[in-house]
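Quick notes on the structure that follows.
2 protein chains.
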Amino acid sequence: MCQLLGMNCNVPTDICFSFTGFQARGGATDVHADGWGIAFFEGKGVRVFLDPQPSCSSPIAALVRQYPIRSKNVVAHIRKATQGVVALENTHPFMREAWGRYWIFAHNGNLHAPSTRLSTGPSTGLRTGFAPPLDGSFLPVGNTDSEYAFCWLLQTLREECGDTAPDHDQIFEIAHRVAREVGTLGEFNFLLAGSDFLIAHASTQLSYIVRKAPFAQAHLKDEDVTVDFSEVTTPDDRVAVVATVPLTDNEDWQTMPPGTLWLFAEGVPVRQATTVAGVKRTAPPATGGGEAQERS
Amino acid sequence: MCQLLGMNCNVPTDICFSFTGFQARGGATDVHADGWGIAFFEGKGVRVFLDPQPSCSSPIAALVRQYPIRSKNVVAHIRKATQGVVALENTHPFMREAWGRYWIFAHNGNLHAPSTRLSTGPSTGLRTGFAPPLDGSFLPVGNTDSEYAFCWLLQTLREECGDTAPDHDQIFEIAHRVAREVGTLGEFNFLLAGSDFLIAHASTQLSYIVRKAPFAQAHLKDEDVTVDFSEVTTPDDRVAVVATVPLTDNEDWQTMPPGTLWLFAEGVPVRQATTVAGVKRTAPPATGGGEAQERS
Chain A
13 MCQLLGMNCN VPTDICFSFT GFQARGGATD VHADGWGIAF FEGKGVRVFL
63 DPQPSCSSPI AALVRQYPIR SKNVVAHIRK ATQGVVALEN THPFMREAWG
113 RYWIFAHNGN LHAPSTRLST GPSTGLRTGF APPLDGSFLP VGNTDSEYAF
163 CWLLQTLREE CGDTAPDHDQ IFEIAHRVAR EVGTLGEFNF LLAGSDFLIA
213 HASTQLSYIV RKAPFAQAHL KDEDVTVDFS EVTTPDDRVA VVATVPLTDN
263 EDWQTMPPGT LWLFAEGVPV RQATTVAGVK RTAPPATGGG EAQERS
Chain B
13 MCQLLGMNCN VPTDICFSFT GFQARGGATD VHADGWGIAF FEGKGVRVFL
63 DPQPSCSSPI AALVRQYPIR SKNVVAHIRK ATQGVVALEN THPFMREAWG
113 RYWIFAHNGN LHAPSTRLST GPSTGLRTGF APPLDGSFLP VGNTDSEYAF
163 CWLLQTLREE CGDTAPDHDQ IFEIAHRVAR EVGTLGEFNF LLAGSDFLIA
213 HASTQLSYIV RKAPFAQAHL KDEDVTVDFS EVTTPDDRVA VVATVPLTDN
263 EDWQTMPPGT LWLFAEGVPV RQATTVAGVK RTAPPATGGG EAQERS
């Protein structure tokens, strides 16, 4: 399996502190040594750093750890390969463009061949694992179940929305449908980000925290590093951090129940819905023009 | 304007030496201080490093200069903005996926609004410059003429080739048509790369060199750095380097005549064609199964 790290903020924020702990899990304090990657949205643009080397010894990871790139949406991933060889093309996160926007996706889990309509399609060759019937509008470059799932998600969005770019609610609702459907095929923890949102699916394991005023000190679990967020923030800052396993040992991380999908925007969770088979209820969107409501 | 740097090799090769000289032009020895980027193909995967800061002072450029990433196809760009603000989404090179392959594009030049069929299309909004009628399969995220041209090129490839991935000859022929067409609208020097080819269009200014045995010393123009390639190569290595302005002062760079399109594969130019309006002849592909012929 792999580990995921996501960040969604209301002001551009650097992720150096969280990434320091996360990076250590890529071969040092944990076994995820089959590559890593991180994507930073900056406005409409996105920077993706990828390295098939373990993050604990990667010169690029050392740069990311020390170079404060300020972003409102970040997705990072450290890999323990299950499907697909260790190679750059199989290194998460993956990026595509649709509707003139970049989309970023990373997955933790393992998906198996289904017996349903997600059977092997014409464009997926001899693949024996999860291989949805892709129409060619988005195709995987590598051979991971994860990239197939990302392409399937974008294809479903395109089919539903046509030429009109989806809004947050449409993205959430279609991600919800795909999470329910693909989630029957195995573990499907994922992060999906655009320039102004982060969607997180807790299939088996994911936690989050929202840091906001009054800010306090935080201490990493994986390295003896402490930061006093009150020294580096303003009172209006809100930063949501999502991780497979909590990154700090003195903060109150919220466990995201298995089978839940979350939409984060402006540093808070604004929608949540269950994705366990048989449960169809989707939480309504946050109402009103003020601060989004936490539904945790 | 901007500057381009490309590399195409028959074995994975690092570009640290050439990039050292190229990087200096991004705000130190030349004026191209509006960001820079570089893309490295490694197998089917690609790594893109982007920075809207000047390359001469960019920590990411310092990493790329020192970290030998071995690649058979590299595209780099330093920017002097003409169209589009200085922002990450306007930083070259640009990347898209089509047919399950990554495509990389960088442009040096300035394209103007045409009065022909490349007029403003429905999906390009209020843009007053070059704005071809894009159908939505590939759309620009930023607002440079360059990214519009890249999307137009990919759309034309998709229209011509349908669901079947084009081979080198098809890519060259469609790039030739687009270079002739778009080249009437202004300066259109560009590099287009996939995992196993590099196409270069000399609209106004571009040079190349093929380094092969017997290898010799090379000395940068922009920094006092010398490398002895005989110490870092094997006799079978072939490395083609393309640059807006030659990078070394003691090697025999070939000027690519304005209005010529070139296809490089395995470290040598294998096809060349003129793109000046009115000239329709396209050089035939290299024949035979042996070493590709240079047509320069």
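Residue numbers (our numbering), protein chains in the order written: chain A, 13 to 308; chain B, 13 to 308.
Every residue, glycine too, gets a C-beta built ideally from N, C-alpha and C.
Query	Result
What number of angstroms, rounded off, separates the C-alpha of V153 (chain A) from the C-alpha of E101 (chain A)?	6 angstroms
Tell me which residues of the segment 142 to 155 of chain B have at least one Cβ-Cβ distance to chain A shorter than 8 angstroms, keeping chain order.	G148, S149, F150, L151, P152, V153, G154
Using the beta-carbon of each residue, which ones in chain B are nearer than 8 angstroms to W164 (chain A)?	The contacting residues do not exist; W164 (chain A) stays about 14 angstroms from chain B at best.
Just to confirm before moving on: does the CB-CB distance between L218 (chain A) and L210 (chain A) stay below 8 angstroms?	no
Going by C-alpha distance, which of B:L275, B:R91, B:N155, B:A255 is nearest A45 (chain B)?	B:R91
Hey, L259 (chain A) and G33 (chain A): beta-carbon distance below 8 angstroms or not?	yes
Quick one: give me the first and last residue of the alpha helix (DSSP H) that Y160 (chain A) is part of.	157 to 173
Take the Cβ of L138 (chain A) as the centre, count every other Cβ of all protein chains shown within 10 Å, and call the residue buried at 16 or more, exposed below.	Because the pLDDT at L138 (chain A) is just 39, under 50, the model does not fix this residue reliably, and the value given afterwards should be weighed accordingly. L138 (chain A) comes out exposed.
Of the residues that make up the segment 75 to 96 of chain B, which ones have a beta carbon closer than 7 angstroms to any beta carbon in chain A?	L75, Y79
Is A99 (chain A) helix, strand or coil when you go by DSSP?	coil
Would you call the segment 44 to 62 of chain B and the segment 72 to 81 of chain B in contact, with 3 or more CB pairs under 8 angstroms?	yes
For the beta strand (DSSP E) holding V60 (chain A), just list the boundary residues, first then last.	57 to 63
Span of the alpha helix (DSSP H) holding I81 (chain A)?	Premise fails: I81 (chain A) is in no alpha helix (DSSP H) and is neither H nor E.
Taking just the CA atoms, how far does A110 (chain A) sit from V251 (chain B)?	35 angstroms
At a CB-CB cut-off below 7 angstroms, which residues of chain A make contact with D175 (chain B)?	G148
Inspect the CB distances between the segment 169 to 189 of chain A and the segment 269 to 280 of chain A and report whether three or more fall short of 8 angstroms.	yes
For V194 (chain A), which of A:A125, A:H89, A:R77 has the nearest alpha-carbon?	A:A125
Throw me the rounded Cβ distance for the T103 (chain A) and P64 (chain A) pair, which I believe falls under 8 angstroms.	5 angstroms
Please decide whether Y114 (chain B) counts as near chain A, where near means a Cβ-Cβ distance under 8 angstroms.	yes
Under 8 angstroms, Cβ to Cβ, is there at least one residue of chain B near I183 (chain A)?	no
Any Cβ of chain B within less than 8 angstroms of the Cβ of A99 (chain A)?	yes
Which of the three DSSP states, helix, strand or coil, is assigned to S207 (chain B)?	coil
In whole angstroms, give me the CA-to-CA distance for Y160 (chain A) and A187 (chain A).	14 angstroms
For W274 (chain B), which beta-bridge partners are listed by DSSP?	B:A212, B:Q284
Are there three or more Cβ pairs, one per stretch, closer than 8 angstroms when the segment 240 to 247 of chain A is compared with the segment 168 to 176 of chain A?	no
I'd like to know if I72 (chain A) contacts chain B, where contact means its C-beta is closer than 8 angstroms to some C-beta of that chain.	yes
Compile a chain-ordered list of the residues in the segment 239 to 250 of chain B whose CB is closer than 7 angstroms to at least one CB of chain D.	Judged by its chain identifiers, the structure shown contains no chain D, and its protein chains are A and B.
Classify E235 (chain A) as buried or exposed, calling it buried when 16 or more other Cβ atoms lie within 10 Å of its own Cβ.	exposed
Taking Cβ positions, are V42 (chain A) and Q95 (chain A) nearer each other than 8 angstroms?	Strictly speaking, residue 42 (chain A) in this sequence is Asp, with Val absent from that position. For D42 (chain A) and Q95 (chain A), no; Cβs fall outside 8 angstroms.
Let me check understanding here. Comparing Cα to Cα, which of A:N201, A:T256, A:K224 lies closest to P247 (chain A)?	A:K224
Where do the N-terminal and C-terminal ends of the alpha helix (DSSP H) with F34 (chain A) fall, by residue?	28 to 36
Rounded to a whole number of angstroms, what is the C-alpha to C-alpha distance between E164 (chain B) and P144 (chain B)?	Before going on, a small fix: residue 164 (chain B) reads as Trp here, not Glu. Taking the straight line joining both Cα atoms gives about 7 angstroms.
Take Q167 (chain A) and list the residues in its own chain whose beta-carbon comes closer than 7 angstroms to its own, dropping the five residues that flank it on each side.	L146, D147, S149, F150
Does DSSP put D179 (chain B) in a helix, in a strand, or in coil?	coil
I need the straight-line Cα distance from A118 (chain B) to P105 (chain B), nearest angstrom please.	5 angstroms
Could you pull the DSSP bridge partners for W115 (chain A) from this structure?	A:R108
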